[in-house]
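Chains as they are written, first to last, in this note's numbering: chain G, 41 to 266; chain R, 77 to 370.
Just so it is clear, CB atoms sit at the ideal spot from N, CA and C, and this is done for glycine as well.
Predicted model, so just to flag it, every value in this text is computed and none were measured.
To keep things clear, I will list the structure first and then write my remarks on it.
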Amino acid sequence: MLKLLRMEYLLNRRQILIMLAIFSGYFLFMAYRIDSPRVFLVTLCLMMGLAVPFGFVGREDKFKTAALVCSLPVRRTTIVLAKYAVSGIAMGLGLAYGLLLATALPFTKISVAEILTVKSVLISLFLVSLLSSFIIPFTIRFGLAGIIIFLVSGQLLGVVALILAQLLGRGPNPLRSAITAVEKGLRTLLYHEATPGFLALLAAAIIAVNGLSFLVSRALYARRDL
Amino acid sequence: MESALEVRNLRKEYPGFTLQDISFTLPRGYIMGLIGPNGAGKTTVIKLILNIVRRNSGEVRVCGLDGLVDETEAKARIGFVLDEPPFYGCLRLAGMASVVAPFYKTWDRALFRSLCHEFDLPPRKRVNALSRGMAMKLALAIALAHGAELILMDEPTSGLDPVFRRELLERLSGLIQDGRTSVLFSTHITSDLERVADFITCLRDGELLFSATRDEILENWAIVKGAPELLTEEVQPLFIGISRSPYGFTALASNKEEVRRRLAGRGAVIERARLDEVVFFLGQKDRGTTGGRR
């Protein structure tokens, strides 16, 4: 496992530096412009959850090196576990960096007390887990091209949703209903009172989402012929 | 005799192609050549041994270890050179080695460096700047640097210049002298096999045609040439593949002595079969251009 993590580091160190530079610029801009800690949190998680696992898992596809990794003396389960571990570590560090940057900068509009709470940290982890737990198995199954098609399709769907909203106004619109449902879900999550029960539920959900995603990814990777 | 590789009833089904219950054994300290026409299943066999393709059934044992149950231990004993070396193009050669090395307890850094020097591989060069032949050399250097007991090579000589090809074959012959290392390599260049292989395994359309020692094949198999009238109903079953022309026939037989006995004094020419002729006739069989039965 440690060998795989070391390999991921060696293969990704340049990308990590590039991403750090891009994210720093983005976080600085966000911290300067956004005064809502909740909006900051959601956009931060979106960035992390989408970009990080996509880069780590898609790399084998990009270089066509999955055959090399799977020929090394290591089990496929361990390879998948390492992908989750390295994505988790990178996303965790990215979140910590983003949150610290948002609170430590002199021009920030977000206060430490608002964002560095157990609830916001758990919500961040839950959101990135939700995204990455979908992105990782999807990339394993459909490859880099598949995930790019999916993300572009998501954007096109957004355009269609906007056009439909314009055309149909407030009338029945399935896309609008879906987006509203997601928005409501997010709102409930972000504004829910930080009771111990709620926090425990969040922690359990993080474990469950990641665990389930790992099992799916493992099954998909085990079936792959390279 | 202790075996380096045992393949038992190995089966893989793809849409339109099935590798059908292949079995063969490679004893420790020998070289086996895997031959057959394009699409015969040679690469699939090598990938199945490496577990990068999942088998439908069958068993693979590497140095006595089960390829699935003891996957990690078995793979630690394998060195591989794939047809398209799957390396990270962005890395330099030294970087590529440092990515792979920690996975092998027996990795010999000094040996890798000396192999790079011997193969004219500049350690500072990026992998994506290597030619196919150079990438093959890198794959071979990596396979040798961890002291693999079983080396699997898929068409290793196809991208190499004649000088290095010869050197590689000599190196392979040298490798097995320790009695510990074994080599399985697939190739279309049958002259390479005649030079170094101790065993030959031949596949066609996913079926195992034969797996035998090179000497057994070269001693027992024969190319028979003769006039058309020699090709009687009685004689035809002796041949595996027959190429006919208005002036005569050329055929492959797997029992030289039997052919010699049956055709003695009837003007037939019986020659020792070369491997390329064996592959040619086996490849032609059942395709309508030749006659005869096995």
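Query                                                                                                                                                                                        : Result
Can you confirm whether residue 139 of chain R, when its beta carbon is compared against all beta carbons of chain G, has any partner nearer than 9 Å?                                       : no
Assess, as a yes-or-no matter, whether the segment 105-119 of chain G is touched by the segment 161-169 of chain R under the definition of 3 or more beta carbon pairs within less than 8 Å. : yes
Please list, in chain order, the chain R residues whose beta carbon lies closer than 8 Å to that of residue 110 of chain G.                                                                  : 126, 127 and 128
In whole angstroms, what is the alpha-carbon distance linking residue 364 of chain R and residue 257 of chain R?                                                                             : Its pLDDT being 43, under 50, residue 364 of chain R is placed unreliably by the model, and nothing is read from it.
Rounded to whole angstroms, what is the Cα-Cα separation between residue 191 of chain G and residue 120 of chain G?                                                                          : 22 Å
Given a threshold of 16 other Cβ atoms within 10 Å of its Cβ, counted over all protein chains shown, does residue 268 of chain R qualify as buried or as exposed?                            : buried
Give a yes or no on whether 9 Å exceeds the smallest Cβ distance from residue 178 of chain R to chain G.                                                                                     : yes
At a cut of 8 Å, does the segment 146-160 of chain R reach the segment 119-130 of chain R through at least three beta carbon pairs?                                                          : yes
What alpha helix (DSSP H) runs, 4 residues minimum, are completely inside the segment 271-327 of chain R?                                                                                    : 290-296
In three-state DSSP terms, what is residue 204 of chain R?                                                                                                                                   : helix
Find out if the Cβ-Cβ distance for the pair residue 171 of chain G, residue 88 of chain G is shorter than 9 Å.                                                                               : yes
Using DSSP with H/G/I as helix, E/B as strand and the rest coil, what is residue 149 of chain R?                                                                                             : helix
With DSSP run on the structure shown, which of helix, strand or coil describes residue 194 of chain R?                                                                                       : helix
Can you look up residue 142 of chain R in the DSSP assignment and give me helix, strand or coil?                                                                                             : strand
Using a Cβ-Cβ distance under 9 Å, would residue 154 of chain R count as near chain G?                                                                                                        : yes
Under 9 Å, do residue 154 of chain R and residue 98 of chain R count as touching if we go by C-beta distance?                                                                                : no
For residue 51 of chain G, does the count of other Cβ atoms within 10 angstroms reach 16, so buried, or fall short, so exposed?                                                              : buried
Taking only beta-carbon positions, decide if residue 148 of chain R is within less than 9 Å of chain G.                                                                                      : yes
According to DSSP, simplified to helix, strand and coil, what is residue 179 of chain G?                                                                                                     : helix
State the Cα-Cα distance for the pair residue 317 of chain R and residue 241 of chain R, rounded to the nearest angstrom.                                                                    : 31 Å
Note down, in chain order, all residues in the segment 190-201 of chain R with a beta-carbon under 7 Å from any beta-carbon belonging to chain G.                                            : none
By the 7 Å beta-carbon criterion, what residues does the segment 92-108 of chain G contribute toward chain R?                                                                                : 103, 104, 105, 107 and 108
Counting only Cβ pairs nearer than 7 Å, list the residues of chain G close to residue 162 of chain R.                                                                                        : 104, 105, 107 and 108
Using CA atoms only, rank isn't needed, just tell me which of R/104, R/239, R/93 and R/119 is closest to residue 82 of chain R.                                                              : R/104
Just the Cα atoms here: how many angstroms apart are residue 260 of chain R and residue 347 of chain R?                                                                                      : 28 Å
To the nearest angstrom, how far is it from the Cα of residue 142 of chain R to the Cα of residue 133 of chain R?                                                                            : 13 Å
Residues of chain G with a CB under 8 Å from the CB of residue 151 of chain R: which are they?                                                                                               : 111, 112, 113 and 114
Is there a C-beta anywhere in chain G that falls below 9 Å from the one on residue 118 of chain R?                                                                                           : no
Leaving out the 5 sequence neighbours to the left and right, which residues in its chain are closer than 8 Å to residue 257 of chain G when beta-carbon positions are compared?              : 120, 123, 124, 176, 177 and 180
Tell me, please, whether the CB atom of residue 166 of chain R is closer than 9 Å to any CB atom in chain G?                                                                                 : yes
According to DSSP, is residue 268 of chain R helix, strand or coil?                                                                                                                          : helix
Spatial neighbours of residue 367 of chain R within its chain, please: CB distance less than 6 Å, with the 5 preceding and 5 following residues excluded, ordered by chain position.         : The pLDDT assigned to residue 367 of chain R is 40, lower than 50, so where the model puts this residue is not dependable, and the model offers no usable value.
With H, G and I counted as helix, E and B as strand and the rest as coil, what does DSSP make of residue 75 of chain G?                                                                      : coil
With 9 Å as the threshold, decide whether the Cβ of residue 43 of chain G is near any Cβ in chain R.                                                                                         : yes
In terms of residue numbering, what span does the beta strand (DSSP E) encompassing residue 103 of chain R cover?                                                                            : 93-103
Let me know if residue 265 of chain G comes out buried or exposed under the rule of 16 or more other beta-carbons within 10 Å of its beta-carbon.                                            : exposed
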